[in-house]
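**Q** Below is a structure I'd like to ask you about.
Number of protein chains: 2
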Amino acid sequence: MNRTIGLLGGGQLGQMLCEAANPLGINVVVLDQENSPAKRVTAGSHINGSFTDPEKIRELAKRVELLTVEIEHVDTEVLEELANEGVEIQPSWKTIRTIQDKFLQKSHLEKNGVSTAVSKEVVADEAGLQEIGKELGFPFMLKSRKDAYDGRGNFPVKSPADIKEALETLKNRALYAEKWANFRMELAVMVVKTEDATSTESIGTIAYPAVETIHEDSVCKLVYLPPRGIPIKIQKQAQDLARKAVGSLWGKGVFGVELFLMHDGKLVVNEIAPRPHNSGHYTIEACPTMSQYKSQLLSILGNMPNFANSVIPSVIPAAIMLNILGGREETSHNEIMERAIAIPNASLHMYGKQSKPGRKIGHITVVASSISEAESLMSPLITLAGNMHAERKGHDLNSVPQHQIIPSPSHPLVAVTMGSDSDLAVLKPGLALLQSLDIPFHCTITSAHRTPQRMMDFASSAVDNGFKVIIAAAGGAAHLPGMVAACTPLPVIGVPVKGSSLDGMDSLLSIVQMPRGVPVATVSINNSINAALLAARILGASDETIRFKVEKYAADSQEEVLGKADRLEEIGFAKYLEKK
Amino acid sequence: MNRTIGLLGGGQLGQMLCEAANPLGINVVVLDQENSPAKRVTAGSHINGSFTDPEKIRELAKRVELLTVEIEHVDTEVLEELANEGVEIQPSWKTIRTIQDKFLQKSHLEKNGVSTAVSKEVVADEAGLQEIGKELGFPFMLKSRKDAYDGRGNFPVKSPADIKEALETLKNRALYAEKWANFRMELAVMVVKTEDATSTESIGTIAYPAVETIHEDSVCKLVYLPPRGIPIKIQKQAQDLARKAVGSLWGKGVFGVELFLMHDGKLVVNEIAPRPHNSGHYTIEACPTMSQYKSQLLSILGNMPNFANSVIPSVIPAAIMLNILGGREETSHNEIMERAIAIPNASLHMYGKQSKPGRKIGHITVVASSISEAESLMSPLITLAGNMHAERKGHDLNSVPQHQIIPSPSHPLVAVTMGSDSDLAVLKPGLALLQSLDIPFHCTITSAHRTPQRMMDFASSAVDNGFKVIIAAAGGAAHLPGMVAACTPLPVIGVPVKGSSLDGMDSLLSIVQMPRGVPVATVSINNSINAALLAARILGASDETIRFKVEKYAADSQEEVLGKADRLEEIGFAKYLEKK
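In the order they appear, the protein sequences are chains R and U.
Note that UniProt numbering numbers the first sequence so that position 182 is 182, with each residue one more than the last.
Note that UniProt numbering numbers the second sequence so that position 223 is 223, with each residue one more than the last.
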């Protein structure tokens with residue numbers, strides 16, 4: 001592209017930005033200390049110095065088309081001056097200044113109708129904090145307005161007894177208080193802003209997928225794509241809220257939006273970073289033609305392509321990112337590196353930084369066809385990282401409980417429902433088969449006639465709940481499969497259950513003879529085995545692993561019949577019947 | 001990984017190798033001219049000089065753990081000496097020397113049971129070539145044994161009249177002759193070799209997917225993943241043959257294997273490159289955790305992970321790679337760069353080389369959910385590249401026919417079959433619906449009773465032919481759907497066709513009442529619309545675009561009924577019936 005940009009900061013985010021810039025022919029001039037990570041991957045001529053030094057920033061501005069940042073702790077005074085002199089700065093110094101002061105950031109978001117945690121200005125003495133405690137309740141968070149990151153500058157005030165220590169720990173800093181967020185899960189969404197102007201309608205913003213983030217010691221430890229067990233609807237709401245938040249800011253670029261999903265299902269924005277973000281590293285592999293780094297480059301240069309529905313999709317179903325933090329020894333991380341390299345679906349990203357205890361020195365991204373597959377690949381690495389953490393903290397590995405990884409249950413792909421619990425006996429062999437094929441399912445009861453609303457809610461939310469196929473069993477005037485099919489675009493398999501009259505013909509015809517427009521995939525009467533196998537075939541049409549299981553089932557069935565044939569030929573029909 | 005390797009050559013392949021090495025913490029010391037592309041992306045200390053200079057190669061060897069290449073035109077004498085002195089060279093100098101001499105390469109492959117084009121030693125004078133022409137037939141290819149690439153060093157001898165010019169063009173070179181390969185398609189497979197020893201059973205080799213390559217002026221122009229219209233079975237055969245070929249060589253590393261698919265379906269190896277290859281660039285995006293560059297690094301260092309079935313799968317369904325060759329002017333390629341950047345699913349890779357007419361200066365990879373989607377994204381860029389080519393060749397763009405892009409038909413996802421052409425009338429509405437939903441299908445006749453073998457062949461090859469769902473219609477003793485289901489792991493939708501007796505009940509029960517183990521997804525009698533919609537729902541379970549179409553169909557149906565309801569309420573039942 002023959003373009004040159006100036007970057008304030010040369011850490012790992014700058015490094016990955018440069019790695020994205022090289023193939024695009026974009027020249028990045030980095031302002032940071034000598035030998036900083038970003039300079040290691042671009043042989044160009046950089047500037048040595050501090051990204052908070054106004055003179056160095058001015059020197060950088062002279063050499064490039066525009067300035068951008070990989071860290072928000074920069075001098076916005078000089079950026080404002082430069083902007084007034086006509087230098088382009090992306091995102092705007094105004095956005096960086098607003099974000100630098102977390103209280104200002106929260107007030108800005110509130111003013112723009114973006115839900116955030118309730119925040120209060122504080123009088124930073126004991127009386128003032130007692131007052132706040134009454135207002136927000138205990139516990140609350142006492143936070144530095146500025147220069148706070150990775151948990152530094154935050155103090156959880158659990159009771160009035162903590163106030164003294166909190167004030168001592170955060171002395172000489174401008175403070176504010178935040179209501180305690182009793183969240184169910186932390187989510188994050190990367191958002192690209194492509195227009196200079198602010199927008200209250202998210203115009204000019206594009207969202208990456210929502211991800212789940214796990215923090216340890218207030219530092220991001222793990223990122224899960226997609227968030228585990230969270231309905232697609234909420235993931236979309238998180239994207240929308242993140243777009244709205246970023247739309248309210250000035251200038252262009254990529255933004256990391258951290259959110260809390262509360263227990264009541266509400267979403268609030270926690271905070272925003274005006275740059276690539278730890279929670280967006282996964283995009284390098286999951287969005288291989290548009291990583292967060294490429295989108296920062298293209299958006300600030302005004303070259304971001306259009307994306308349908310303002311969403312940058314992931315090309316893979318699931319990913320997990322694990323940060324590598326420096327261990328007790330400089331070589332503590334060697335084992336985790338080696339183990340990561342031995343995983344076929346893993347990418348190792350080392351930042352070329354000297355290892356220090358707790359320092360972010362690299363990360364690992366694992367991609368997979370499901371989150372449970374990604375978890376089983378990543379699980380040994382998470383254990384290793386847990387050991388490194390315990391060792392760093394000086395814990396005795398033998399006596400201290402290991403960092404517990406609770407494997408998330410596999411997301412169910414098949415929803416199985418029935419009109420009545422009396423149908424369960426018929427479904428049992430099919431459910432057992434799904435289990436033995438290792439296909440996760442969810443089983444429930446939704447009567448078309450006795451719980452019509454529940455049945456419709458179940459069917460119409462099936463896509464958002466991540467199901468891919470539905471099995472519905474019913475007998476008599478068997479309306480359930482057809483009614484479910486009328487309320488979902490998913491394939492519905494109908495199992496006619498034989499009732500007390502008509503030998504099941506009533507159920508069969510009620511299920512199979514659907515009118516034009518609403519198909520039910522009907523299997524034979526009482527044959528839940530075939531319903532389960534059909535579900536497996538449907539999933540297997542786009543998932544080779546499941547298709548191989550269907551093939552193996554068929555091969556095993558053939559073996560069984562061949563064995564019987566051999567025996568019959570060997571011992572003759574009479575003995576065969578006798579011994580059966 | 002804290003490891004250091006030495007690279008002979010610093011062109012674009014070396015550049016992308018360094019881009020893969022940086023995040024792994026692998027240090028690459030490059031031997032090539034100052035400012036070569038690979039040096040641009042790594043700030044380390046490199047060696048300036050020629051990768052054919054024995055002194056420089058020795059200097060490099062002293063600084064690194066092992067030597068590797070990004071180009072095969074290196075000095076193998078000094079590599080052999082170094083190997084004897086204990087320096088590790090990957091792949092072996094023996095492999096590089098064998099490959100450098102194309103005649104030696106072909107003889108080696110033949111000796112190891114790998115099919116190649118028939119090659120003959122030649123006496124390089126008119127009589128000798130006359131003799132060869134009689135033996136191989138005209139046309140044949142006269143080729144340099146060494147230093148030939150991108151078509152340089154090849155001369156097609158179409159008739160005896162060409163012999164003089166051929167000898168003049170290739171004078172002072174060691175030559176051999178090759179039988180003309182009248183191929184249907186050129187394929188390529190990247191193969192990773194993880195063991196030092198040679199193997200006749202492909203042990204220690206891993207294959208990337210097979211791709212289709214299109215050459216222009218003997219230079220690779222386009223790469224298609226997967227190859228268009230080629231059965232999966234042949235793609236697997238290509239992977240197997242490529243693995244066998246690479247298994248016969250010495251040492252570790254990544255290899256590009258070019259093959260011809262002949263008109264009779266046979267595969268022959270054309271030639272092998274002992275390094276990353278133009279036909280493997282797509283792996284950067286399609287295999288985002290294991291590009292060909294990463295696999296070269298890990299294999300030569302002995303750290304390549306294991307892959308199931310010895311195959312590195314693509315995580316995306318389709319990709320196209322287009323090379324950017326320098327145009328007539330130094331700025332001719334600016335437009336294609338800009339257009340590439342404007343495509344959301346495209347990655348631009350510029351090599352930082354000065355543009356010269358015909359020089360490879362970059363490439364573009366587009367990824368998509370189908371090859372036809374990739375084609376429609378890439379098509380304008382291919383036209384631009386065609387214009388650049390014509391301009392470079394001095395053709396008048398207005399008078400010379402443009403480079404023609406024949407869009408490949410979409411690969412059919414649904415196979416529709418019937419027991420007799422009398423069923424076609426019943427299937428017609430369903431086929432029309434598939435068309436209107438833009439779901440590609442293949443329609444045929446396979447009678448279970450009159451063409452049993454054909455029916456079984458059809459069903460058992462359906463997966464290899466890329467189908468995801470089968471619709472089978474039959475009437476009376478309607479065995480077709482069930483028999484098809486017995487011969488494939490794919491979901492089979494059965495359409496009972498109403499015959500002259502029993503009102504269709506015979507067909508329905510013959511199709512739906514399948515025994516345990518072999519399900520048929522049965523729809524109502526004569527209802528091909530529902531069969532088509534069920535196929536769409538099955539595809540839509542894993543393809544959002546198709547699911548949206550199913551949702552739209554349902555919404556349209558609802559609209560239609562609501563319109564009728566309005567009208568009925570407005571004009572009353574009597575008038576409504578009158579006007580109908």
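Using N, Cα and C, we set each Cβ at its ideal position, and we do this for glycine too.
Would DSSP call Q89/U helix, strand or coil?
**A** Position 89 of the second sequence, counted from the first residue, corresponds to residue 89/U. Going by the sequence as given, residue 89/U is Ile instead of Gln. Here I89/U sits in strand by DSSP.
**Q** Straight-line CA distance for K236/U to N465/U?
**A** Numbered from 1 along the second sequence, position 236 holds the residue referred to as residue 236/U. Numbered from 1 along the second sequence, position 465 holds the residue referred to as residue 465/U. If you take the alpha carbons of K236/U and N465/U, they lie about 12 Å apart.
**Q** Taking V254/R as the reference, which of M456/R, D217/R, T194/R has the closest Cα?
**A** Residue numbering aside, residue 254/R sits at position 254 when the first sequence is read from its first letter. Taking only the C-alpha atoms, the option nearest V254/R is T194/R.
**Q** For L533/R, return the contacting residues in chain U, with the cut-off set at a CB-CB distance below 9 Å.
**A** Position 533 of the first sequence, counting from 1, holds the residue named residue 533/R. The answer, in chain order, is R516, G517, V518, P519.
**Q** Report yes if the CB atom of L41/R is closer than 8 Å to the CB atom of E70/R, and no otherwise.
**A** For the purposes of this step, residue 41/R is identified with residue 41 of the first sequence, where counting begins at 1. For the purposes of this step, residue 70/R is identified with residue 70 of the first sequence, where counting begins at 1. Per the sequence presented here, residue 41/R reads as Val, with Leu not at that position. It is not a contact, given that the beta carbons lie outside the stated cut-off.
**Q** With a cut-off of 8 Å on the beta carbons, I'd call D423/R and A473/R a contact; round off their distance for me.
**A** Residue mapping note: residue 423/R aligns to position 423 of the first sequence, counting from 1. Residue mapping note: residue 473/R aligns to position 473 of the first sequence, counting from 1. So it is a contact: roughly 5 Å between Cβ atoms.
**Q** In the stretch 37-50 of chain U, which residues sit with their C-beta less than 7 Å from some C-beta in chain R, listed in chain order?
**A** K39, R40, V41, T42, A43
**Q** Check for me: the beta strand (DSSP E) holding E121/U runs from which residue to which?
**A** If you number the second sequence from 1, residue 121/U lands on position 121. Start and end: 119-121.
**Q** Hey, how far is the Cα of S295/U from the Cα of E168/R?
**A** Counting from one through the second sequence, the residue named residue 295/U turns up at place 295. Counting from one through the first sequence, the residue named residue 168/R turns up at place 168. Looking at the two C-alpha atoms, the distance is approximately 53 Å.
**Q** Using only the heavy atoms of the ligand SAH, determine whether one of them is closer than 7 Å to the beta carbon of D240/R.
**A** Among the components modelled here there is no ligand, and therefore nothing to report on the ligand SAH.
**Q** So what does DSSP say about H333/R, is it helix, strand or coil?
**A** Walking along the first sequence from the start, residue 333/R turns up at place 333. Note: H333/R maps to coil in three-state DSSP.
**Q** Compute the Euclidean distance between the alpha carbons of P407/R and P227/R, then round it to the nearest angstrom.
**A** Indexing the first sequence from 1 puts residue 407/R at position 407. Indexing the first sequence from 1 puts residue 227/R at position 227. Note that P407/R scores 46 on pLDDT, short of 50, meaning its location in the model is unreliable; the coordinates nonetheless yield the value given after this. Answer to the nearest angstrom: the Cα atoms are 13 Å apart.
**Q** Taking the straight line between their C-alpha atoms, what separation do you get for I99/R and L259/R?
**A** The residue labelled residue 99/R in the question sits at position 99 within the first sequence. The residue labelled residue 259/R in the question sits at position 259 within the first sequence. Their backbone Cα atoms lie some 15 Å apart in a straight line.
**Q** My understanding is that K106/U touches S119/U, with C-beta atoms under 8 Å, so please give their C-beta distance in whole angstroms.
**A** Residue 106/U sits at position 106 when you count from the first residue of the second sequence. Residue 119/U sits at position 119 when you count from the first residue of the second sequence. Their Cβ separation, rounded to whole angstroms, is 4 Å, which keeps K106/U and S119/U in contact under 8 Å.
**Q** In terms of DSSP beta bridges, what is K143/U paired with?
**A** Residue 143/U sits at position 143 when you count from the first residue of the second sequence. Paired residue(s): N154/U, Y176/U.
**Q** Ignoring anything shorter than 4 residues or poking outside the stretch 467-518 of chain R, list the alpha helix (DSSP H) runs there in chain order.
**A** 480-486, 505-512
**Q** What residue range is occupied by the uninterrupted beta strand (DSSP E) comprising D32/U?
**A** The sequence position of residue 32/U within the second sequence is 32, counting from 1. That run of the beta strand (DSSP E) goes 26-32.
**Q** Among L267/R, S299/R, F138/R, G113/R, which residue has its Cα nearest to the Cα of D196/R?
**A** Within the first sequence, residue 196/R is the residue found at index 196, counting from 1. Of the listed residues, the one whose Cα sits closest to D196/R is S299/R.
**Q** Spatial neighbours of S248/R within its chain, please: CB distance less than 6 Å, with the 5 preceding and 5 following residues excluded, ordered by chain position.
**A** Here residue 248/R refers to the residue found at position 248 of the first sequence. Cβ neighbours of S248/R beyond the five flanking positions: N112, T198.
**Q** Taking all protein chains shown into account, decide if P401/U is buried (16 or more other Cβ within 10 angstroms of its Cβ) or exposed.
**A** Taking the first residue of the second sequence as 1, we reach residue 401/U at position 401. The predicted position of P401/U is uncertain, since its pLDDT is 44 and thus under 50; no value can be drawn from it.
**Q** Answer with yes or no whether the minimum CB distance from A459/U to chain R is below 8 Å.
**A** What you label residue 459/U is simply residue 459 of the second sequence in a count that begins at 1. Cβ-Cβ to chain R under 8 Å: no for A459/U.
**Q** Rounded to the nearest angstrom, what separates P54/R and V78/R at their Cα positions?
**A** On the first sequence, residue 54/R is found 54 positions in, with the first residue counted as 1. On the first sequence, residue 78/R is found 78 positions in, with the first residue counted as 1. Distance between the alpha carbons of P54/R and V78/R is about 6 Å.
**Q** Which of helix, strand or coil does DSSP assign to P317/U?
**A** Reading the second sequence from its first residue, position 317 is the one you call residue 317/U. In this structure, P317/U counts as coil in the three-state DSSP scheme.
**Q** Can you tell me whether V561/R is buried or exposed, with buried defined as 16 or more other CB within 10 angstroms of its CB?
**A** By one-based count along the first sequence, residue 561/R stands at place 561. With fewer than 16 other Cβ atoms inside 10 Å of its own Cβ, V561/R counts as exposed.
**Q** At which residues does the alpha helix (DSSP H) containing T545/U begin and terminate?
**A** Within the second sequence, numbered from 1, the residue matching residue 545/U stands at position 545. Residues 544-579.
**Q** Write down the C-beta distance between A207/R and S310/R rounded to the nearest angstrom, noting that I regard them as a contact closer than 8 Å.
**A** Here residue 207/R corresponds to residue number 207 of the first sequence, with the count starting at 1. Here residue 310/R corresponds to residue number 310 of the first sequence, with the count starting at 1. The pair is a contact, with the Cβ atoms about 7 Å apart (cut-off 8 Å).
**Q** What residues match up with H215/U in a beta bridge as DSSP calls it?
**A** Residue mapping note: residue 215/U aligns to position 215 of the second sequence, counting from 1. DSSP output for H215/U lists C220/U as bridge partner(s).
**Q** Helix or strand or just coil, what does DSSP make of E77/R?
**A** Looking up residue 77/R in the first sequence gives position 77. The answer is helix: DSSP assigns E77/R an H, G or I state.
**Q** Can the beta-carbon of V463/R be found less than 8 Å from the beta-carbon of H442/R?
**A** Mapped onto the first sequence, residue 463/R falls at position 463. Mapped onto the first sequence, residue 442/R falls at position 442. No, these two residues do not count as a Cβ contact at 8 Å.
**Q** Take the Cβ of E186/R as the centre, count every other Cβ of all protein chains shown within 10 Å, and call the residue buried at 16 or more, exposed below.
**A** Here residue 186/R corresponds to residue number 186 of the first sequence, with the count starting at 1. Counting Cβ neighbours within 10 Å, E186/R comes out buried, since at least 16 surround it.
**Q** Just verifying my parser: in three-state terms, what is the DSSP assignment at A20/R?
**A** Position 20 of the first sequence, counting from 1, holds the residue named residue 20/R. Of the three classes helix, strand and coil, the one that applies to A20/R here is helix, per DSSP.
**Q** Is the stretch 337-354 of chain U touching the stretch 3-15 of chain U, taking contact as three or more C-beta pairs under 8 Å?
**A** With a cut-off of 8 Å, the stretch 3-15 of chain U and the stretch 337-354 of chain U count as touching, because enough Cβ pairs lie within range.
**Q** Check the Cβ of F307/R against every Cβ in chain U and list those closer than 9 Å, keeping chain order.
**A** Against the first sequence, residue 307/R aligns to sequence position 307. Under the 9 Å cutoff, chain U gives P344.
**Q** Measuring CA to CA, which of N22/U, P23/U, G49/U is closest to N35/U?
**A** For this step, residue 35/U is matched to residue 35 along the second sequence. Of the listed residues, the one whose Cα sits closest to N35/U is G49/U.
**Q** Using only alpha-carbon positions, find the residue among L7/U, I57/U, E59/U that is nearest to K39/U.
**A** As a working note, residue 39/U is residue 39 in the second sequence. The shortest C-alpha separation from K39/U is found at L7/U.
**Q** Taking P209/U as the reference, which of C220/U, V219/U, I234/U has the closest Cα?
**A** The residue labelled residue 209/U in the question sits at position 209 within the second sequence. With distances taken between Cα atoms, P209/U lies closest to I234/U.
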